[in-house]
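Written below as structure tokens is the structure these notes are about.
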Amino acid sequence: MPDDPKPTVRRRVLGTNLRRLREAHGLHLEDAARVLSCNISKVSRIESGRSPIRPLDLKALLDLYQVRDLNTREGWLSLARESKKQRWWRVLEDRLPQDFLDLIGLEEDTSYCRGFQPGVIDGLFQTKEYAEAVIGGGSPGPLGSDEQTKLDVRLERQKALTRAENPIEVWMILGEAALRQRMGGPAVMRAQLSHLIDLAQLPNVTLQVLPFSVGAYRGGPFPFKVYRFPEPSDMQVVLLENHVSHTYLEDPSDIGFYADIFNHLRATALGELKSKALIEGIIREASA
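Numbered continuously in full-length UniProt numbering, the sequence shown closes out at residue 288.
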């Protein structure tokens, strides 16, 4: 099978977890290659996500790694099948940077996301008008071609929240500044804040607000997200965003660090009902 220079996130997850299984049993690339009757470079490509894996080869590796439970094995095979599917965003490969394509893949393929956005409403929660203001950076006039592509992709990404099968679960903490910065003007912000209240009613969405009154808090005013993949993978990925790119962290120590920060923030932020009340209060202020 040919190598894929831009493998899907799910294929990389599959490969990473196969590598972890191999290492957990004290086995080497040579051991896996021997079972598959191939060279070690093929195993390396599978584990890096650059090459897909045939069901027969996956079953052979699961035997080698002593994965015998039928449900667990089916989970692995399902992950492999899903990793071969072409996703809707693949047609945009030449128009969007790879790290942004990875972000779309994370939201499409993961089952759970928890995160913190101190100064802007998270992209999954943005209305079209608010997103236009954010992407346009306050510039007057219509969006340019590249900006319009970003807007269209952002709105498409949001379908992960309401898809019929396994919508992504999101636990988001927003800083109060994100609620008060008037992106697009008062009318746009009122609609955006009302949209937040509506989204918070979804069974797969938890929304908290970190108010100004808490003062200093652990981690500082830096946004992040932690994505978790469904079973059989136990893999998690931290996403850090800046103005020009996205950084992905997969080391367990990084996962633990940001998980601790998130737990501190959720304990410090307002509960869901008080968060809703604060948002409603800001809407009333914006309407006065």
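Glycine included, every Cβ here is placed at the ideal spot set by N, Cα and C.
Distance between beta carbons of residue j and residue i, contact taken as under 8 Å
i: residue 169; j: residue 112; result: 5 Å
i: residue 62; j: residue 45; result: The Cβ separation is near 18 Å, so there is no contact.
Contact check, residue i vs residue j, beta carbons under 8 Å
i: residue 114; j: residue 262; result: yes
i: residue 227; j: residue 183; result: no
i: residue 160; j: residue 108; result: yes
i: residue 224; j: residue 110; result: no
i: residue 193; j: residue 179; result: yes
i: residue 33; j: residue 64; result: no
i: residue 60; j: residue 36; result: yes
i: residue 268; j: residue 188; result: no
Cβ neighbours of residue i in the same chain (closer than 6 Å, five flanking residues each side left out)
i: residue 249; result: 238
i: residue 174; result: 117, 209
i: residue 47; result: 15, 18, 19
i: residue 310; result: With the chain covering only 1 through 288, there is no way to say anything about residue 310.
i: residue 25; result: 65
i: residue 158; result: 124
i: residue 231; result: 75
i: residue 274; result: none
i: residue 264; result: 218
Strand pairing of residue i, partner residues [DSSP]
i: residue 171; result: 114, 206
i: residue 236; result: 228
i: residue 248; result: 239
Euclidean distance between Cα positions of residue i and residue j
i: residue 89; j: residue 143; result: Reliability of the predicted coordinates at residue 89 is poor, the pLDDT of 49 falling under 50, and the value obtained from them is presented with this limitation in mind. If you take the alpha carbons of residue 89 and residue 143, they lie about 20 Å apart.
i: residue 270; j: residue 41; result: 51 Å
i: residue 285; j: residue 76; result: 52 Å
i: residue 199; j: residue 154; result: 16 Å
i: residue 217; j: residue 211; result: 11 Å
i: residue 120; j: residue 282; result: 15 Å
i: residue 190; j: residue 220; result: 27 Å
i: residue 205; j: residue 38; result: 46 Å
i: residue 23; j: residue 51; result: 19 Å
i: residue 27; j: residue 67; result: 14 Å
i: residue 79; j: residue 43; result: 17 Å
i: residue 58; j: residue 71; result: 15 Å
i: residue 56; j: residue 81; result: 12 Å
i: residue 132; j: residue 126; result: 9 Å
i: residue 252; j: residue 140; result: 44 Å
i: residue 171; j: residue 138; result: 28 Å
i: residue 69; j: residue 235; result: 19 Å
i: residue 246; j: residue 259; result: 19 Å
i: residue 185; j: residue 177; result: 15 Å
i: residue 53; j: residue 287; result: 57 Å
i: residue 145; j: residue 166; result: 33 Å
Neighbourhood of residue i by C-beta, 7 Å cutoff - its chain only, sequence neighbours within 5 removed
i: residue 266; result: 173, 208
i: residue 241; result: 223
i: residue 254; result: 238
i: residue 276; result: 197, 200
Other residues of its chain near residue i: CB distance less than 8 Å, five sequence neighbours each side excluded
i: residue 279; result: 179, 193, 196, 197, 209
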